[in-house]
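Q: Just so we're aligned, residue 1 is where the sequence shown starts under full-length UniProt numbering, counting upward by one.
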Amino acid sequence: MGKAQETRMVILQKAFELIYANGYKTTSIDQIIATTQVTKGAFFYHFKTKDQMGVAIIKDLLMPRLAENILKPLQTDRNPLEAIYQLIESLLTKNDFLKIEFGCPVANFTHEMSPWNTDFNKVLKDLISQWTKAMTETIENGKGKGFVRNDVDAGQVTLFVLSGYWGIRNFGKLKNTKAVYKDYLIALKSYLNTLQ
1 MGKAQETRMV ILQKAFELIY ANGYKTTSID QIIATTQVTK GAFFYHFKTK DQMGVAIIKD
61 LLMPRLAENI LKPLQTDRNP LEAIYQLIES LLTKNDFLKI EFGCPVANFT HEMSPWNTDF
121 NKVLKDLISQ WTKAMTETIE NGKGKGFVRN DVDAGQVTLF VLSGYWGIRN FGKLKNTKAV
181 YKDYLIALKS YLNTLQ
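#1: Would you kindly check if the distance between the Cβ of Leu62 and the Cβ of Ala134 is under 7 Å?
#2: Am I right that Lys40 and Ile33 are in contact with their C-beta atoms under 8 Å? What's the rounded C-beta distance?
#3: Where Val161 and Leu195 are concerned, what is the direct C-alpha to C-alpha distance, given to the nearest angstrom?
#4: Can you say whether Met1 is buried or exposed, counting buried as having 16 or more other CB atoms within 10 angstroms of its CB?
#5: In three-state DSSP terms, what is Lys14?
#6: Roughly how many angstroms lie between the CA atoms of Gly172 and Cys104, to the nearest whole one?
#7: Check Gly103 in the structure and name its three-state DSSP category.
#8: Pull up the distance between the alpha-carbon of Ser28 and that of Arg78, whole angstroms please.
#9: Within the chosen definition, does the stretch 115–130 reach the stretch 144–159 through at least 3 CB pairs nearer than 8 Å?
#10: Starting from the C-beta of Val38, find all residues in its chain whose C-beta is less than 8 Å away, skip the five residues before and the five after it, and write them out in chain order.
#11: Secondary structure at Asn108, three-state DSSP: helix, strand or coil?
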């Protein structure tokens, strides 16, 4: 990775940390520049606008993490219901990238930017589409292997599981304790068991 690419990634990482903690709209370019210690010229060399940088955060930081931490665990030959449960449990209780007090970064961007910015909307739809497709496919594959009942609608299950995940992340933000995740995980396991 060349110097320019390293600088770009430093800007994206530091900007993400500020935005994740403070919100997209309240984080200014000047705050990002001060945190990264790059010049304003260096910032604008890489990003013409703050929105261009925000979209790059989703594409270049969050999507690779999605692929590694979410898509890969769902691409399995084992019981998909166990894989889904373990994925959600890991995201809630073991993932150091995700902070309870700040919630889910994808959900935060969606709430804050998707309704007003078509570029954000498009890249967020792409990210969520990858996640829903992977989960739906693993459930469908589980049907063929006898792990999941044939009458189960994989798309509905995916929507339900992801909606619950985003929702409990918001409860976590409010309570600022992982203890709120316990009851959700018990209910999720119970629900997934009904699909066998």
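All C-beta atoms, glycine included, are put in the ideal place defined by N, C-alpha and C.
Please read all numbers here as calculations on a predicted model, not as lab measurements.
A: For this structure:
#1: no
#2: 6 Å
#3: 12 Å
#4: Result: exposed.
#5: Three-state result, Lys14: helix.
#6: 10 Å
#7: coil
#8: The straight-line gap from Cα to Cα measures roughly 45 Å.
#9: no
#10: Thr7, Val10 and Ile11
#11: helix
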